[in-house]
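Residue numbers for the sequence shown follow this note's numbering, so the first one is 3 and each next one is one higher.
Please read the structure below before turning to the comments.
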Amino acid sequence: MRISELSRRSGVPTATIKYYLREGLLPPGRATAATQAEYDEHHVHRLRLVRALIGVRGLSVSAARNVLDAVSEGRTDMHSLLGLVFGLSPTGEPAEVSTEGSVDADSLGPGDSEVGSLLAELGWDVTEQNPARHVIDQTLETLRSLGVDYHWQSLLPYARLAEQTAVLDLDQLQAPLDPLEKAERAVLLTFLLEPALLALRRLAQEAESHTRYGKPEQRE
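Spelled out as structure tokens, the structure:
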């Protein structure tokens, strides 16, 4: 297919495709003339993953290239692949993200003892560098600074629900897809579903409030 067809199939503008080609995110097509090339289904899948990593996951071009190289060269098993997609590099360091407000890796570590206790109680094997540790630790500190007596034990019921959610997430990656498709699906299901999952929580809260506190005639 020509680059115009590749653009139509992938939903990525032609100018953006050319930029990805220059940056090495997309391999060159088969040259058919001095200024023309043919592309195939591999380019479609890879382009969709590039779009997911940069547009949805928020990775920088260099970080996205690292993920793509690992996937394309088969240097990673499924666990490592998901680590790359979810935010950790093969070395366990947080992946570089292009959006502002990301967690600084230097701030992770000794200060998250409560998170360590929570993970130990749950029996979860999680890397020390996972940015989510810092998010939880910071949230607990903020709650207590505002006078809310909240500790890691209070998160246990939520953690069990999150555990069930993770099972559902990974169950959806069991289909025999190629690594590029698995990586793309992991990004989309994780980052695009998050707003919907939060919205479901809000809906459930309203429904539960109605059940508990609504007037009798409203509950009928």
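The beta carbon of each residue, even a glycine, is placed where N, CA and C say it ideally should be.
Label GLU186 either buried or exposed according to how many other C-beta atoms from any shown protein chain fall within 10 Å of its C-beta, with 16 as the threshold for buried.
Locating residue 186 in the sequence shown gives position 184, counting from the first residue. When all chains shown are included, GLU186 counts as buried.
For the candidate residues ARG67, LEU200, VAL73, LEU148, whose alpha-carbon lies nearest to that of THR167?
Taking the sequence shown and counting its residues from 1, one reaches residue 167 at position 165. If we check each option's Cα against that of THR167, LEU200 comes out closest.
Go ahead and pull the three-state DSSP assignment for GLY61.
Taking the sequence shown and counting its residues from 1, the one referred to as residue 61 is at position 59. The sequence given here has Leu at residue 61, not Gly. Correct three-state label for LEU61: strand.
According to DSSP, is GLN38 part of a helix, a strand, or is it coil?
Working through the sequence shown from its first residue, we reach residue 38 at position 36. Of the three classes helix, strand and coil, the one that applies to GLN38 here is strand, per DSSP.
How would you write the range of the alpha helix (DSSP H) that LEU182 sits in, first residue to last?
For the purposes of this step, residue 182 is taken as the residue at position 180 of the sequence shown. Here the alpha helix (DSSP H) through LEU182 covers 181-189.
Quick one: give me the first and last residue of the alpha helix (DSSP H) that GLN176 is part of.
What you label residue 176 is simply residue 174 of the sequence shown in a count that begins at 1. Annotation: GLN176 is outside any alpha helix (DSSP H) and is labelled neither H nor E by DSSP.
Looking at HIS47: is its Cβ nearer than 9 angstroms to the Cβ of PRO29?
Taking the first residue of the sequence shown as 1, we reach residue 47 at position 45. Taking the first residue of the sequence shown as 1, we reach residue 29 at position 27. Contact: no.
Residue from PHE193, ARG204, THR213 with nearest C-alpha to GLY60
Mapped onto the sequence shown, residue 60 falls at position 58. That would be PHE193, whose Cα lies nearest to the Cα of GLY60.
Measuring CB to CB, does LEU86 end up less than 9 angstroms from VAL52?
Position 84 of the sequence shown, counting from 1, holds the residue named residue 86. Position 50 of the sequence shown, counting from 1, holds the residue named residue 52. Cβ atoms of LEU86 and VAL52: not closer than 9 angstroms.
Going by other Cβ atoms of all chains shown within 10 Å of its Cβ, with 16 needed for buried, is GLY103 buried or exposed?
Numbered from its first residue, the sequence shown carries residue 103 at position 101. Because GLY103 carries a pLDDT of 37, less than 50, the predicted location of this residue cannot be relied on, and the following value inherits that uncertainty. By the Cβ-count criterion, GLY103 is exposed, with fewer than 16 other Cβ atoms from all chains shown falling within 10 Å of its own Cβ.
Which two residues bound the contiguous alpha helix (DSSP H) that contains LEU2?
There is no way to answer for residue 2, as the model of the chain reaches only from 3 to 222.
Through-space distance from ALA36 to TYR42, alpha-carbon basis:
What you label residue 42 is simply residue 40 of the sequence shown in a count that begins at 1. What you label residue 36 is simply residue 34 of the sequence shown in a count that begins at 1. One point to set straight first is that residue 42 is Asp, not Tyr, in the sequence displayed. Cα to Cα, ASP42 sits roughly 19 angstroms from ALA36.
Under three-state DSSP, which class holds ARG2?
Since the first residue of the chain shown is 3 and the last is 222, residue 2 is not available in this structure.
Under three-state DSSP, which class holds ARG135?
Here the question's residue 135 lines up with position 133 in the sequence shown. Correct three-state label for ARG135: helix.
Let me confirm a value: ASP139 is counted as buried when at least 16 other C-beta atoms fall within 10 Å, else exposed. Which label applies?
Within the sequence shown, the letter at position 137 stands for residue 139. Answer is buried; the Cβ neighbour count reaches 16.
Can you give me the Cβ contacts of LEU145 inside the same chain, cut-off strictly under 7 angstroms, excluding the 5 residues immediately before and after it?
Residue 145 sits at position 143 when you count from the first residue of the sequence shown. These residues qualify, in order along the chain: TYR152.
In angstroms, rounded to a whole number, what distance separates the CA positions of GLU116 and TRP126?
In the sequence shown, residue 116 corresponds to position 114, counting from 1. In the sequence shown, residue 126 corresponds to position 124, counting from 1. Cα-Cα distance, rounded: 14 angstroms.
From GLY216, GLN207, ALA209, LYS184, residue whose alpha carbon lies closest to that of LEU84:
Within the sequence shown, residue 84 is the residue found at index 82, counting from 1. Out of GLY216, GLN207, ALA209, LYS184, LYS184 has the C-alpha closest to the C-alpha of LEU84.
With GLY26 as the anchor, note down where its alpha helix (DSSP H) starts and where it stops.
In the sequence shown, the residue the question calls residue 26 occupies position 24. For GLY26, there is no enclosing alpha helix (DSSP H), as DSSP marks it with neither H nor E.
Is TYR215 buried or exposed, if buried means 16 or more other CB atoms sit within 10 Å of its CB?
Stepping through the sequence shown from its first residue, residue 215 is reached at position 213. Exposed is the call here.
Tell me which residues share the same chain as ALA177 and place their Cβ nearer than 7 angstroms to its Cβ, disregarding the 5 neighbours each side in the sequence.
Locating residue 177 in the sequence shown gives position 175, counting from the first residue. Contacts found: none.
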